[in-house]
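Sequential numbering of the sequence shown, starting at 1, is according to the UniProt record's numbering.
Note that beta-carbon positions come from the ideal geometry of N, C-alpha and C, so glycine has one too.
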Amino acid sequence: CRPLWPLGCTSQCPLTSLASRFSLWSRQLSEFQNRPIHTFQVCHVMEPNQNNWLRSGWIQRQAAQRVYVEMRFTLRDCNSIPWVSGTCKETFNLFYLQTNEPLPAATRFRPSDYSKVDTIAADESFTQTDLGDRVLRLNTEVREVGPVTQNGFYLAFQDVGACIALVSVKVFYKRCPSTLRNLASFPDTVPHMDSSSLVEVRGACVENAEERDTPKLYCGADGDWLVPLGHCICSIGHEEMDASRAASSCNPGFFKAIAGNTKCSKCPLHSSSHDQAGTLCHCDKGFYRALKDPTTMACTRPPSAPRNLVSLINDTALFLRWMPPSDLGGRKDITYNVLCQRCDGSDGDGMTQCEACEPDLRFIPRALGLTGTSVAILDFASHTNYTFHVEAMNGVSGLVLSARLLTNVTVNTQQAGPALVGIINKDWSTQDSIALSWSEMEQPPSEIVEYEVKYYEKLSYSSTRTKSTSVVVTGLRPSTVYVFHVRARTAAGYTAYSSNFEFETAADDPDIADQGQVLVMVTASVGGFSLLVILTLFLLITGSVLTFCLPVPFSGIKTYVDPDTYEDPTQAVEEFAKEIVPSYICIERVIGAGEFGEVCSGYLRIPGRMDISVAIKTLKGGYMDQHRRDFLREASIMGQFNNPNIIRLEGVVTNSRPVMIVVEYMENGALDSFLRTRDGQFTVLQLVGMLRGIAVGMTYLSDMGYVHRDLAARNILVDENLVCKVSDFGMSRVLEDDSEAAYTTTGGKIPIRWTAPEAIAYGKFSSASDIWSYGIVMWEVMSYGERPYWEMSNQDVILSIDEGYRLPAPMGCPVTLHQLMLHCWQKEWSQRPRFNEVLSFLDKLTINPSSLLTLVNDVQSYSHSPEELPDYPLFISIGDWLDSIKMSQYKNNFLAGGYTTLDSISTMSIEDIRRIGVCLIGHQRRIISSIQSLRLQLHHIQQSGFQV
C-alpha cells in the first residue's frame, strides 16, 4: 500500500482545526511498547451541543481511483464518566471534499460542502480504571473513500460529544505491484473504480526471452495479481533461472538450439562450444554433421571400406557380396555404390587399359544407393575382365573429399556369347498381340535351351520365353508401337540381345484383324477336324472299344507365384509390376492412412494416353528394408491378377522416394462404409449384383490357387458404377499344388468375426475358409454394413460358433440368401460350396429375380428336417433371448407390450418393434433379424410335432 498522507506524529502535522472547541494541543498520553503516542483528542462531554471539526491538509490523489482511510483511535465509555449528561457520545463522523486545487487559506469552512463517508464507532472503549492501570485500548477502522475523480481531496473528522483521542490517520490506495511471472515483467497497475472488474495487463518478456503466447495478468480490486495467461520462453542459447524471473546464457560446453524453457544441453559426442550462449556445438576435427542431422546428434565421420568382397558367377548372372565396414562412422544410414570398369587388355607399357562398363549392364536391384550387401549383375559380355569397386557411403561422406574408401574385385566372364539372333519378323498382329519369328545368325557353341523375348512400351519392359524360334506376345495395347529384341540361352548362359525391332499392334477394330491370325485359326480347325475323322475311321475299322482321355483345354488362368519364394523379393516386383516415372504421377489429396504410410488420390498422366484416376499408397520415410519389402510384396501379388473384380495395379515407383504403389481409384471407397451411409437405398437385386461381383473375383483367385485370408466388406472397394472389387492382399497366402493343402499361420492377428473355425483353432487357411468369410460378407451386404455379431466379444463369438450359433438373417433378406450364408458356414469345411458354385447360384438369382424367394433347394446343405436343422440355441425366457443378442435393456419394453412368450415374439413385425419403444434403427434391425431366425426354428419344430 502507498500512504498518501500520514497524520499524527508531532504538533507540526498538516492537520488544522476549524472549530474552536476542538483541542489543538498535543501531549504525551502514555507509552505503548516503549514508543510515545501523540494524539489529537477532545473530551467535552459535560457540555451539550458539541460540534467539533478537525480537517486535514489537501491530499493529492496521484494515481488513486479508490482511497482508503485507516484511523487508529481510543474512546472512553460514557458510563464510566461520573455526572455525565445525556449528551455524551461514543462515535465520530468521517467526511471528505474533492477539489482540483488546494483551497485558499482564507476560505471559510462550510460543513455542507463535505460528503459524509461513515459514522465511526469503537469496538473497544476504555474506563477510568484503564487509565489508572495505563491500559490503552486502541481501535483501528478502515473506510473506503471515493471514487476520487479530482486532483485531490480533504478529510474532515466531526465530533458531536465524545471523549476521543485520534492517534493516527493513514490515507492510501491499493495497486498491483510490479512483478515478474513466466519470464515476463508486469508494471505497477491501479485497479479500476469498479471493484467487480479486472484490469488486463500485458507483460513484456525479460531480456533473452521471447514471446510464445502473449503473457497477461489481471489486476484485482484488492491489489492482487490474478489469472496468469501466456508465457515467454528463453531464447536460443539461454535457459531459465531464478524461478522464472530471468534467462541466463548457456555455459561453455553446453548449447541450446531452439527457443524454449528447457535447460541447456551438453554438447553431443565429438563436438564442443567455447562461448557463452552457444546455439550450436561445432564438430571436432575429423568429424562432421550432415545438413539434415539435428543439432543434438553426435558428430560422425565417413565409414571405412566394405570388407570381404567376393564374386559368384553362374549361367546367367554375376553376384557380388561383401560385409559391412568395420567402422560405420557412428551412423546407421550406410549405403553402397557399385562401380564397374571393363579391362580388355594392356597398352605398350604393360599397363592394363580400363574403361567404363557398357551402359546396358544391368544391376539388380541397382548399382548406386544400395542398402543391402549384395547385388546381381546381368547382361554382361563374355570373355571379358570386369573390375567392380564397392564403396560405402553415409550421410557425411559427401562432406569429405578424401572419404572415398573402396574395395574391388576382378571377374572374368566365360559363359556368355555373342548375339545369335538376327532379323526379327512380324508375322501377324491383332489389337492385343503380335506374332514374331526369327532365325539364328550362326551355329551356337552349344544347344540352345530357350529364347527370351524382351519387349517394352514407354514405361517399363516385359519378357516371355519360348523354346522355338517364334512366339505370340499377348496382352498388348491396340495401335501401340512396341520394341522387341531377343536373346538365346544355352547351357553356358545367356547370349547378348539382338538389335531392336519396332512393331505396332492393330487398331481397336475387330473387323480389321490381320489375315495371318485368321489363317492360323483356319489351319488349326482343319487339323483338328482331320484328327477327329482319322480317329473315327480307326474305331470303325477295328470294331473295338477304345478308352482314351483327351487333354482338357487350358483355361487361360495363370498359377499364382508367391513372392516369398524369390531369393530377392525385389525381383518379384520387377517381374510382376511396371515401374512408373514419378513425374507421371499427380497427387491431389490425402484420402486415408495405410499400414505403411498415407493413401492419396490423383492422376496418372502418361504422355500419349488419357489421364487415369488412381489411388497412391506411399511408404513413409524412415522405413527399414523389411518394411519396404512388405510394402512392395502386395504390389508383386496384385501385379499377377487381371480380373474386372480384382483391384488393378497400375504400377510402382521404386527407384525414387517416396516408394509408391499406384492402383486404380475406386470412387465409392470401402463397401462396408459405403453401405452404412446408404442404408435401405438399394434393391435386393442390386445387392445380389454386388455379391456376384465379389464372387467373380474370388472365383478367379481360387482358380489361381490363392487364399485371401482377410475377405471382409472393408476390403472390398466400390467404383462409381457399383462394381465391387477385391483388394487388400496383405494377409494373403498361396496354396500348394495339393487341392486340400492349406497355409499354416505362424502368428499375427486374425479377424475373428470373419474367419472360419478351423483357421482360428488350427491356423489352417484354404479356399474353404475364404468361403466362410464370403458368407460373412454376404451378411454385411444384406445388413447394410452392420458389424457381424454386433457387440459380442471375440471370445464370445468363438464360443457361440463352436456351440452351433450362426448369424440370423438380416432384416429384409430373402430366405434363399440366408440359406446360402448357412451353407458357407458349415462347420465341416469340406461341406461348404466352392466359389464357382456360389457364382452359379447367384447367376440363377440374377437371371430370374422372382426366384429370390423360391430357390431353396439349390443350396443342399440346408435341410427342412428338424434333425438336420442348424443347432441354434433355444431360449427359455424373453430375458434369455434378449441377453443372447445383447439387447437386455429392452426387457421391460417387451413385457409392458404384452410379449411374454417365444410364440408371441415370433409374430412381431417391425412396426411392433417401434411401438414398444425401440427407436434406434440398428437395434430394430438386430431384433427383427433374430426374430426371423427364431420364427424359422419354431416353424420346423412345430412341424415335427413338438411344442415349445
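Asked                                                                                                                                : Found
Exposure of Glu868, with buried meaning 16 or more beta-carbon neighbours within 10 Å                                                : Interpretation of Glu868 is limited by its pLDDT of 37, a score under 50 that renders its predicted location unreliable; the figure taken from the coordinates is listed afterwards. Exposed, because fewer than 16 other Cβ atoms sit within 10 Å of the Cβ of Glu868.
Cutoff 8 angstroms; reference Leu895; Cβ partners in own chain excluding five residues on either side                                : Ile878
Ser439 vs Gly422 beta-carbon contact at 8 angstroms                                                                                  : yes
Rounded straight-line distance, which links the Cα of Glu502 to that of Asp511                                                       : With a pLDDT of only 46 at Asp511, under 50, the local geometry of the prediction cannot be trusted, and the value read off the model is given with reservation. Cα-Cα distance, rounded: 24 angstroms.
Neighbour-count burial assignment, Ile885, 16 or more Cβ in a 10 Å radius                                                            : buried
C-beta contact flag for Thr480 and Thr505 at 8 angstroms                                                                             : yes
Ile921, buried or exposed, once every other Cβ within 10 Å from all chains shown has been counted against 16                         : exposed
Beta-carbon proximity list for His923, same chain, < 7 angstroms, skipping 5 on both sides                                           : Met887
Inter-residue Cα distance where the pair is Leu537 and Thr469                                                                        : Confidence in Leu537 is poor, its pLDDT being 45 and thus under 50, which makes the residue's placement too unreliable to answer from.
Cβ contact (3+ pairs, closer than 8 angstroms) linking the segment 807 to 819 and the segment 656 to 665                             : no
Within-8 angstroms CB hit, Ala367 to chain D                                                                                         : The structure shown contains no chain D; it is built from a single protein chain.
Nearest-angstrom beta carbon gap, Thr295 and Leu280 [assumed within contact, 8 angstroms]                                            : 6 angstroms
Alpha-carbon to alpha-carbon, Ile913 and Asp679                                                                                      : 19 angstroms
Extent of the continuous beta strand (DSSP E) run through Trp322                                                                     : 318 to 323
Where Arg477 falls, given that 16 or more other Cβ within 10 Å makes a residue buried                                                : exposed
Chain-order list of residues whose beta-carbon lies under 7 angstroms from that of Ser929 (same chain, five-residue window excluded) : Pro808, Ala809, Pro810, Met811
Lys256, buried or exposed, once every other Cβ within 10 Å from all chains shown has been counted against 16                         : buried
DSSP state of Ile591 mapped onto helix, strand, coil                                                                                 : strand
Beta-carbon contacts of Arg926 that lie in its chain and below 7 angstroms, excluding the five residues immediately before and after : Trp790, Ile885, Met887
Length of the line joining the Cα atoms of Leu361 and Tyr784                                                                         : 56 angstroms
Coarse secondary structure for Val526, derived from DSSP in three states                                                             : At Val526, the pLDDT of 44 sits below 50, so the modelled position is not reliable; the number obtained from the coordinates is stated separately. Residue state, collapsed to three classes: helix.
Reference Ala209; option with closest CA among Asp188, Ile233, Asp224, Gly220                                                        : Ile233
Same chain only: Cβ atoms within 7 angstroms of His270, ignoring 5 sequence neighbours per side                                      : Cys283, Asp284, Phe287, Ala298, Cys299
Identity of the residue in Asn848, Phe157, Gly693 nearest Trp53 by Cα                                                                : Phe157
Per DSSP, the bridge partner or partners of Gly152                                                                                   : Gln60, Thr99
Any 3 or more C-beta pairs closer than 8 angstroms across the segment 112 to 131 and the segment 93 to 100                           : yes
Proximity below 8 angstroms, CB of Asp327 to CB of Ser304                                                                            : yes
Residues of its chain near Glu720, where Cβ-Cβ distance is below 8 angstroms and the 5 sequence neighbours each way are ignored      : Glu667, Asn668
Under the three-state DSSP convention, the category Glu791 falls into                                                                : coil
Spatial neighbours of Phe319 in its chain, beta-carbon cut-off 8 angstroms, leaving aside the 5 residues before and after            : Ser311, Leu312, Ile313, Ser374, Val375, Ala376, Ile377
Ala246 to Trp225 span [Cα, whole Å]                                                                                                  : 19 angstroms
Three-state class that DSSP yields for Cys283 in the structure shown                                                                 : strand
C-alpha distance - Ser265 paired with His274, whole-angstrom precision                                                               : 14 angstroms
Buried/exposed call for Lys749, threshold 16 Cβ in 10 Å                                                                              : exposed
For His864, the three-state DSSP class (helix, strand or coil)                                                                       : Low local confidence applies: a pLDDT of 35 at His864 is under 50, so the model's placement there is unreliable, and no value is given.
Helix, strand or coil at Val84 [DSSP, three-state]                                                                                   : coil
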